[in-house]
Structure formats: structure tokens, C-alpha cells
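Asker: My structure is below; once you've seen it, I'll send some questions.
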Amino acid sequence: LIGVKTEHGYLLDKYTGCKVWCVINNESCNGECKRRGGYYGYCYFWKLACFCQGARKSELWHYETNKCNGRM
Numbered sequence: 089l090i091g092v093k094t095e096h097g098y099l100l101d102k103y104t105g106c107k108v109w110c111v112i113n114n115e116s117c118n119g120e121c122k123r124r125g126g127y128y129g130y131c132y133f134w135k136l137a138c139f140c141q142g143a144r145k146s147e148l149w150h151y152e153t154n155k156c157n158g159r160m
């Protein structure tokens, strides 16, 4: 059995390098999170970004490797 380490964080828009944005749509974030291997996603209203639980690290936005250029 091989385990894959999962994490929690904001979903990464791989095209822009930014967080995947949202307004109040939990369904959209939850669906996107699950498509990326997570188990639950929601729109974190204060950051206007999709937060995902249980996704692979490569699917998540990280401050240290931020390539968004201040857009979000």
C-alpha cells in the first residue's frame, strides 16, 4: 500500500498562478476540490478563494512559490 500525503489550503489556478477565486459558491469550490483529489472544498469568503481539504500539495497555492504577481 502506497500512501499519498494530502494537505489543506487554497486551490491553485495553474494557468495564472493565483488562488482559485470565488464569491460565495461552496458548490463550485467543493466540486473543484473533489476533481483535484480532495474530499471537501468551500469558498472562504474573507479571502474570496476556494479552500480545499485533502488535496495533493501540487494542487494548492503556496505563499513561498506564489507566481500570482499580486493579483490575488
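With the working numbering applied, the sequence shown corresponds to residues 89 to 160, in that order.
Glycine included, each C-beta is placed from N, C-alpha and C at the ideal position.
All figures in this text were calculated on a predicted structure; none of them were measured in a lab.
Would you mind sorting TRP134 into buried or exposed? The rule is 16 or more other CB atoms within 10 Å of its CB.
Answerer: exposed
Asker: So the alpha helix (DSSP H) GLU95 belongs to, where does it begin and stop?
Answerer: Premise fails: GLU95 lies in the beta strand (DSSP E), 94-98, not in any alpha helix (DSSP H).
Asker: Taking buried to mean at least 16 other C-beta atoms within 10 Å of its own C-beta, is GLU147 buried or exposed?
Answerer: buried
Asker: From the DSSP output, read off the bridge partner residues of LYS107.
Answerer: LEU100
Asker: For ARG124, tell me which candidate among CYS110, THR104, TYR98 has the shortest Cα-Cα distance.
Answerer: The candidate whose alpha carbon is nearest that of ARG124 is TYR98.
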